[in-house]
Amino acid sequence: MLGPKFQALGIKLLSGQNPFVLTEYKIVMKRILFLVSLFTFHFSLLTHAQDMTELVKKVKAKLDQVNDYQADGMLKTDIVFIKAPVSKIKVYFKKPNKFRLKKEGGISILPKGGVSVTAGNIVDINSFVALAAGDAEVDGIKVKMVKVLPTDENNEVVLATLYIDEAYLLIRKAVITTKENGTYEIGLTYGKFAAYALPDKVVFSFNTKDYKLPKGITLEFDDNVKPGDMNKMKNKKGKVEITYSSYIINKGIDDSVFK
Amino acid sequence: MWKLLQIELYKIFRRPRTYISFAAITALILVVQVGLKADGETYINFVLSGLKDSVDIDGKLLNGYFVCYVILQLLLIHVPLLIALIAADMISGEANMGTLRLMVAKPISREQFILAKFLASAVYTFVLLVWIAITGLLLSLWIFGTGDLFVAKISYAVQLQSNDVFWRYCGAFCFAYLAMLTVAALGFFLSLFAENSIGPIVATMSIVIFFTIISTMSIPIFQKIQPYLFTTHMVNWKEFFDEKVNANNEAILGSIQNPQRIINSALVLAAHIVGFVGLSMYLFKRKDVLS
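From first to last, the protein sequence lines are chains E and R. Counted the way the working numbering counts, the first sequence spans residues 1 to 259. Counted the way the working numbering counts, the second sequence spans residues 1001 to 1291.
Listed below in structure tokens is the structure:
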């Protein structure tokens, strides 16, 4: 569309016609420059997104070494309105996304829908798009921030920000926003099993809602908590920590464990 | 004294009325157990509805310890009424039958007579609580198995590890015995003033219900008098099911959040028992027995 117009203008200018034509020529040139810069910017964005997909692919490849694992660990629940002891747990995982946390004969309190979101299903790039979001530091380690967006509208995860250690291909931190269960943060610390991208410690931080039960249900006469304490309990972050002591990797796990 | 106690116990356990309480308690406990066995998960979801907005609670919540806690919550408010059936009949029943004058004519002191009567009520109360422990705790453990106990309180919840629960029930039952004995002592005291059993039984029940309602209501004027009502202290068996946490918010195994509250309440209840029985002895010693 611009070709014939541009040619006509060039001829007019060279033949020393009306100087007004020069201004028109400048406008057209500006438009061309704008379009070129727009294309360049878009292309650079695509290149960056591509880079992050590659990085996420590498992280996924590392995670894919593990087909299944069984781990022993300790579960610590730190929620302001729950008094819970530190307890021994067993964690089971099997590809693609089977996950089970068990406490023999006991009760485990976990962030709502959070623990079952494993690194494996976040970086499933077949259904997510990964975009670069700059550099950051997690516990003194330089990491790449990657925004992971699901392409499937029905996915529970709306947005995940991964803090990836490029050198070791490990996710050091993740901030996950879900449709149903709000936003939670996962901090991962690695040790002996870093080669398999399996953490030694996982800390889930999440927002909690207010908790209060009517006296009619508890049949209590006296509430031990003073009004001041109730304010302290509001809008507090809950924290669940899992410290793994051992892993049994790729030895096979029966599906019945996950039922 | 021992002979007197034996006679009184024989009289209590010979009456069919005594077994109404055992039958009623057994029926109530069985109803709760059958109900929870059939649809306990719905009940648990209802109780934990406030928590489930923030967290997922996984594991065997419906276990024998939880079922027993539900039973005790329901029963320990109503058992006093069953205890009043026997304790409030101890003196007035004799007066009604016309045997009181005959008994005080025997070569035993009136203090011994009153003490034997009260001890017989105490034994009855004890047997009733042991029966609750057998059917409410042991039977529930047999039907539902063991596990961690999760207790939902007004503004927080407590998770007690399964190996940290049984001793708490022992403590709670001992405390509950003290609470029930207070009601027995009250009924026993009131039975001094009547010549038939209905009056003291209804009076005991009325006092317990009236005080319980005042103890429950969160109205400032009532809250001022609540610490002086024995019904407020009767429910503190629940303190055994609350634990301390350390600076990291980790529950401390084997701890009790408010041991002083248990001690204070136990002392208040014990003082009521001593007061009612002492006053009964004092008044009966001066009583002109005409029936």
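Even glycine gets a Cβ: it sits at the ideal position worked out from N, Cα and C.
Grouping DSSP H, G and I as helix and E and B as strand, with all else coil, what is residue i?
i                       : result
residue 242 of chain E  : strand
residue 81 of chain E   : coil
residue 251 of chain E  : coil
residue 70 of chain E   : strand
residue 227 of chain E  : Legend: pLDDT at residue 227 of chain E = 47, less than 50; position of this residue unreliable, value from coordinates given subsequently. Of the three classes helix, strand and coil, the one that applies to residue 227 of chain E here is helix, per DSSP.
residue 1264 of chain R : helix
residue 131 of chain E  : strand
residue 91 of chain E   : strand
residue 1224 of chain R : helix
residue 1110 of chain R : helix
residue 1241 of chain R : helix
residue 259 of chain E  : coil
residue 192 of chain E  : coil
residue 1137 of chain R : helix
residue 59 of chain E   : helix
residue 1250 of chain R : strand
residue 1289 of chain R : coil
residue 1229 of chain R : coil
residue 1209 of chain R : helix
residue 76 of chain E   : strand
residue 1003 of chain R : helix
residue 1276 of chain R : helix
residue 2 of chain E    : Annotation note: pLDDT 45 at residue 2 of chain E (below 50); position unreliable, no value reported.
residue 1204 of chain R : helix
residue 1219 of chain R : coil
residue 1195 of chain R : coil
Residue i: which of the options sits nearest, CA to CA?
i                       : options                           : result
residue 141 of chain E  : E:181, E:189 and E:184            : E:189
residue 1236 of chain R : R:1189, R:1222 and R:1180         : R:1180
residue 72 of chain E   : E:245, E:255 and E:257            : E:245
residue 1091 of chain R : R:1012, R:1135, R:1137 and R:1021 : R:1012
residue 82 of chain E   : R:1155, R:1087 and R:1084         : R:1155
residue 1182 of chain R : R:1278, R:1145 and R:1162         : R:1278
residue 1227 of chain R : R:1123, R:1212 and R:1257         : R:1212
residue 254 of chain E  : E:129, E:54, E:154 and E:70       : E:70
residue 1057 of chain R : E:100, E:152 and E:196            : E:100
residue 1257 of chain R : R:1240, R:1269, R:1270 and R:1265 : R:1240
residue 1130 of chain R : R:1049, R:1268 and R:1173         : R:1173
residue 247 of chain E  : E:155, E:53, E:196 and E:96       : E:196
residue 1184 of chain R : R:1120, R:1242, R:1055 and R:1210 : R:1120
residue 97 of chain E   : E:64, E:104, E:240 and E:85       : E:64
residue 1285 of chain R : R:1110, R:1036 and R:1126         : R:1110
residue 1283 of chain R : R:1007, R:1060 and R:1193         : R:1193
residue 1272 of chain R : R:1186, R:1096, R:1053 and R:1249 : R:1186
residue 1166 of chain R : R:1247, R:1157, R:1198 and R:1147 : R:1147
residue 949 of chain R  : R:1016, R:1288, R:1025 and R:1036 : With chain R covering 1001 to 1291 only, the question about residue 949 of chain R has no answer from this structure.
residue 1196 of chain R : R:1039, R:1075, R:1047 and R:1093 : R:1093
residue 1260 of chain R : R:1249, R:1244, R:1248 and R:1275 : R:1244
residue 249 of chain E  : E:67, E:149 and E:150             : E:67
residue 53 of chain E   : E:210, E:258 and E:147            : E:147
residue 1140 of chain R : R:1069, R:1077 and R:1159         : R:1069
residue 1026 of chain R : R:1082, R:1157, R:1217 and R:1190 : R:1082
residue 947 of chain R  : R:1220, R:1171, R:1073 and R:1105 : Because chain R spans 1001 through 1291 in this model, residue 947 of chain R falls outside it and cannot be assessed.
Per DSSP, residue i is paired with what?
i                       : result
residue 177 of chain E  : E:159 and E:183
residue 1059 of chain R : E:107
residue 165 of chain E  : E:170
residue 145 of chain E  : E:163
residue 205 of chain E  : E:185 and E:239
residue 98 of chain E   : E:94
residue 137 of chain E  : E:142
residue 1259 of chain R : DSSP, once it has assigned bridges, lists no residue as partnering residue 1259 of chain R.
residue 1016 of chain R : None, per the DSSP bridge assignment.
residue 199 of chain E  : E:190
residue 150 of chain E  : E:128
For a cutoff of 7 angstroms on Cβ pairs, would you count residue i as touching chain C?
i                     : result
residue 71 of chain E : Structure shown: chain C not included; protein chains present are E and R.
Quiz prompt | At least 3 beta-carbon pairs within less than 8 angstroms: the stretch 63–82 of chain E vs the stretch 106–113 of chain E | solution = yes
- Ranges of the beta strand (DSSP E) found wholly within the stretch 1144–1190 of chain R, counting only runs of at least 3: 1149–1152 and 1157–1160
Are the stretch 175–184 of chain E and the stretch 200–207 of chain E touching by the rule of at least three beta carbon pairs closer than 8 angstroms?
yes
| request: State whether the stretch 1204–1213 of chain R contacts the stretch 1132–1146 of chain R, with contact taken as three or more CB pairs (one from each stretch) at a distance under 8 angstroms. | output: no
With a threshold of 8 angstroms, are at least 3 pairs of Cβ atoms found where one atom belongs to the stretch 1075–1089 of chain R and the other to the stretch 1021–1028 of chain R? yes
Any chance you could list the alpha helix (DSSP H) runs of at least 4 consecutive residues sitting entirely within the stretch 1035–1085 of chain R, in chain order?
-> none
### Three-pair Cβ contact test at 8 angstroms for the stretch 55–64 of chain E versus the stretch 157–173 of chain E
yes
*asked:* Across the stretch 125–137 of chain E and the stretch 145–162 of chain E, are there enough close Cβ pairs to call them in contact, namely three or more that are closer than 8 angstroms?
replied: yes
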